[in-house]
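Notes to accompany the following structure.
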Amino acid sequence: MANLRISLAVVVLLTVPYRPGYALWCNCTTAQCQKTGSQCETDGACMASTFFNNGQEQHIRVCITRDSLVPPGQPFYCLSAEGYLNTHCCYTDYCNSMDLKIPSVTPPPELRGGYGPGGTWGLVELVAAILGPLLLLCVLLLVSVLMYHYHQRAYNHRQRLEVEDPSCEHLYLAKDRSLQDLIYNLSTSGSGSGLPLFVQRTVARTIVLQEIIGKGRFGEVWRGRWRGGDVAVKIFSSREERSWFREAEIYQTIMLRHENILGFIAADNKDNGTWTQLWLVSDYHEYGSLFDYLNRYSVTTEGMIKLTLSAANGLAHLHMEILGTQGKPGIAHRDLKSKNILVKKNCTCAIADLGLAVRHDSATDTIDIAPNQRVGTKRYMAPEVLDETINMKHFESFKCADIYALGLVYWEIARRCNTGGGVHEEYQLPYYDLVPSDPAIDEMRKVVCDQNQRPNIPNWWQSYEALRVMGKIMRECWYANGAARLTALRIKKTLSQLSIDEDIKI
Ligand SMILES: Nc1ncnc2c1ncn2[C@@H]1O[C@H](COP(=O)(O)OP(=O)(O)O)[C@@H](O)[C@H]1O
Ligand SMILES: [Mg+2]
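If you're matching positions, the sequence shown starts at 0 in numbering that gives the first Met the number 0 and goes up one per residue.
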């Protein structure tokens with residue numbers, strides 16, 4: 000900019016028209032003035048100027064016309080550029096004869112021809128002078144980037160907390176909301192697979208255990224209290240983590256919730272420092288298992304139909320695949336028995352203990368875990384499971400094995416039916432008369448596969464419509480050929496019809 004001004008000044012000075020003849024004489028160094036003895040006449044001012052040009056100091060002396068002395072008081076021509084131009088205007092004859100000096104302020108390097116101020120800087124200083132600000136800029140940039148990242152992370156963290164922070168629990172766990180409301184709302188409006196995990200954890204950790212109500216394969220089942228209501232807590236030993244995880248996973252299958260399947264509430268794994276407590280929390284049913292119930296009570300025809308129809312209802316839902324995004328896969332229970340079915344207060348069944356269940360992926364026709372050959376309870380194993388002829392690649396086979404077990408459960412119920420004028424039999428487990436109390440696979444296979452024996456269906460059942468129908472269903476559940484057995488849906492329809500015929504309100 001300064002350079003430009005000097006060049007401009009020089010060019011303008013050289014083109015100022017020479018007007019001799021009056022007022023003021025000045026020294027003049029331009030080419031035109033050589034004709035007039037290096038002097039000029041002006042009505043304005045005399046000017047002397049010293050500046051650097053290509054590293055050399057040069058002096059000019061010229062006349063400035065009056066109309067060029069703008070702006071008044073501080074004419075453009077008379078200004079100096081600090082550091083490399085010294086200009087002096089004066090208004091008496093030859094007043095511009097003096098020799099001006101460039102002020103001590105150092106001219107810019109391009110005018111001096113050396114490194115740095117005054118040409119005294121070394122290369123190192125120059126590099127430092129250039130790199131210093133650059134480095135500073137880089138540091139500033141880095142700091143801004145780091146700060147941006149920090150804020151971004153803090154923001155994300157906050158966002159996550161807003162979703163998971165237990166402080167959001169008040170939305171779910173308001174004092175006036177019962178667990179049933181909560182689960183109902185979430186299962187009908189939400190994903191259909193249960194409570195959010197942090198709510199599950201909070202519920203689980205505020206349960207007060209009361210008493211043991213059952214013992215099974217993996218640990219103990221307790222009755223617990225939560226907000227004045229009862230819940231059941233199945234506690235797994237830490238060795239059984241996989242079983243705990245699997246059962247929780249199955250219960251949280253989308254759209255599994257059904258009135259005849261045990262209502263799942265929460266899963267929690269709490270590390271107390273020494274071991275991990277693994278909890279599955281579910282609805283509590285004070286009658287306990289169907290096994291306990293039948294041991295204690297006999298049932299009316301109505302009671303029998305309610306129990307059997309609701310069990311078929313639950314199993315049909317479990318087995319059924321529902322298509323669509325909010326659909327559910329087909330699920331086979333694989334350990335159906337009277338101890339794994341609970342009796343609800345309204346004397347209907349809830350299928351429980353889904354720890355051995357398998358899910359079917361119909362898109363790929365695969366089963367979600369590698370199913371092992373023989374799981375479940377030996378007494379209830381279908382003939383094809385006992386003799387290992389079951390086709391484990393075919394999901395339907397597992398459903399057929401469930402139906403066989405359902406037939407045995409029906410037999411346990413029907414024996415306790417007091418239709419025949421108060422005549423009913425005492426409770427017995429299926430095959431009680433054919434195998435010992437904890438039968439081995441071989442013992443079961445001999446009876447079920449080799450001898451093709453099944454629990455006894457008494458002849459007198461034929462005299463009572465409900466028991467006749469029950470007997471017929473059982474036989475059709477017990478075919479040696481799994482594929483020939485009834486489906487849960489078929490059983491459900493038959494029993495629904497029976498309940499209408501018997502004028503039973505379900
Ligand atoms: N929700 C419940 N309400 C009442 N009793 C239950 C409940 N869940 C389980 N039980 C009792 O505990 C027993 C064992 O439970 P279960 O889920 O079958 O465990 P396991 O997998 O160890 O067999 C059942 O037979 C039943 O008597
Ligand atoms: Mg069980």
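Don't be surprised by glycine CBs; every beta carbon is placed ideally from N, CA and C.
- Fewer than three Cβ pairs drawn from the segment 236-243 and the segment 282-301 lie within less than 8 Å of each other, which leaves the two stretches out of contact.
- A distance below 7 Å between beta-carbons, with the five flanking residues on each side excluded, links Asn294 to the following residues of its chain, in chain order: Tyr426.
- Every candidate alpha helix (DSSP H) stretch fails here, since none sits fully inside the segment 28-83 while reaching 4 residues.
- A contact is defined here as three or more CB-CB pairs under 8 Å, and the segment 260-271 fails this definition with respect to the segment 380-388.
- The alpha-carbon of Phe50 is positioned some 18 Å away from that of Pro74.
- Taking the C-beta atoms as reference points, Thr418 is found no nearer than 8 Å to Leu494.
- Residue burial annotation: Val142 is exposed, with fewer than 16 other C-beta atoms found within 10 angstroms of its C-beta.
- For the options Glu383, Pro454, Ile366, the alpha carbon positioned closest to that of Val408 is the one of Pro454.
- Taking the Cα positions, Leu194 is about 8 Å away from Leu181.
- The alpha-carbon of Met146 is positioned some 37 Å away from that of Gln199.
- With a beta-carbon spacing of about 5 Å, Asn26 and Asn95 fall inside the 8 Å limit used to define contacts.
- Shortest gap from the CB of Lys338 to any heavy atom of ligand 2: under 7 Å.
- Cβ neighbours of Ala331 within its own chain (closer than 6 Å, five residues either side excluded): Val357, Phe397, Lys398, Asp401.
- When secondary structure is reduced to three states using DSSP, Trp221 falls in the strand class.
- Proximity to Trp221 across Gly82, Tyr250, Leu279 peaks at Leu279, based on C-alpha coordinates.
- Distances between the C-beta of Gly213 and the heavy atoms of ligand 1 include at least one below 7 Å.
- The distance from the Cβ of Tyr379 to that of Leu335 is about 7 Å, consistent with a contact at the 8 Å cut-off.
- Of the residues Leu355, Glu219, Leu433, Gln461, the one whose Cα lies closest to the Cα of Asn451 is Leu433.
- In its chain, beyond the 5 residues on either side, Asp229, Lys344 have a beta carbon closer than 8 Å to the beta carbon of Glu285.
- Ranking Ala80, Cys39, Asn53, Leu78 by CA distance to the CA of Val61 puts Cys39 first.
- Annotation for Ala381 indicates a beta carbon at 7 Å or more from all heavy atoms of ligand 1.
- Asp401: member of the alpha helix (DSSP H) spanning 394-414, first to last residue.
- Counting only residues of its own chain and dropping the five nearest sequence neighbours on each side, Ile129 has no CB closer than 6 Å to any other CB.
- With respect to Ile63, Cys89 sits apart: the two C-beta atoms are not nearer than 8 Å.
- With 16 or more other Cβ atoms inside 10 Å of its own Cβ, Tyr430 counts as buried.
- Under the criterion of beta carbons closer than 8 Å, Ala203 and Asp282 do not qualify as touching, at roughly 14 Å.
- Between Glu411 and Ser337 a beta carbon distance of about 5 Å is seen, short of the 8 Å cut, so the two are scored as contacting.
- Pairing Leu261 with Leu341 gives a Cβ-Cβ distance under 8 Å.
- Between Val298 and Arg484 a beta carbon distance of about 24 Å is seen, past the 8 Å cut, so the two are scored as non-contacting.
- By the CB criterion at 8 Å, Thr347 and Leu405 fall outside the cutoff.
- Boundaries of the alpha helix (DSSP H) harbouring His318: 300-318, taken from the DSSP string.
- Between Asp437 and the set Ile211, Ser242, Lys377, Gly36, the nearest pair of CA atoms involves Lys377.
- In this structure Arg226 does not touch Val207 by the C-beta definition: roughly 10 Å separates them, more than the 8 Å allowed.
- Separation of Gly36 and Trp24 (C-alpha to C-alpha, rounded to the nearest whole angstrom) is 11 Å.
- An exposed status is given to His148, since fewer than 16 other beta-carbon atoms sit within 10 Å of its beta-carbon.
- Cβ neighbours of Gly218 within its own chain (closer than 6 Å, five residues either side excluded): Ile234, Phe235, Ser236.
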